[in-house]
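Quick notes on the structure that follows.
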């Protein structure tokens with residue numbers, strides 16, 4: 347049976363949570379640096395893309411600070427698991443509902 351790409355994509359968007367993130371910057375000679383050794387912007391910014399069936403503000407960006415320690419609490423909240431109290435991070439689900447939050 348053949349399933350169209352558009353149909354499969356629509357079903358996946360309705361049923362799954364996606365969380366894409368990249369590794370922090372790797373300098374290849376910028377600022378006379380090599381590898382990951384500074385706090386320059388190129389070293390500290392990474393892409394994080396979150397897509398859920400309930401996401402408001404699709405195709406939007408947030409300028410809020412999000413850290414890697416926020417990944418696990420966010421995923422817990424998205425799938426309905428209790429967020430452990432000993433975690434350092436915070437869920438970013440409020441940002442998904444309102445990307446303009448600080």
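Numbering (my numbering), first residue to last: 347 to 448.
Note that beta-carbon positions come from the ideal geometry of N, C-alpha and C, so glycine has one too.
The model shown is predicted, which means the values in this text are computed figures rather than measured ones.
For residue 395, the uninterrupted beta strand (DSSP E) run begins and ends at 394-397, by DSSP. Judged by beta-carbon spacing, residue 406 lies beyond the 7 Å limit of residue 440, meaning their Cβ atoms are not closer than that value. Residue 366 has 395 as its beta-bridge partners, per DSSP. A distance below 6 Å between beta-carbons, with the five flanking residues on each side excluded, links residue 437 to the following residues of its chain, in chain order: 419, 420 and 423.
Closest in C-alpha terms to residue 433, from the list 442, 414 and 426, comes 414. For residue 426 and residue 365, the gap between their C-alpha atoms comes out near 16 Å.
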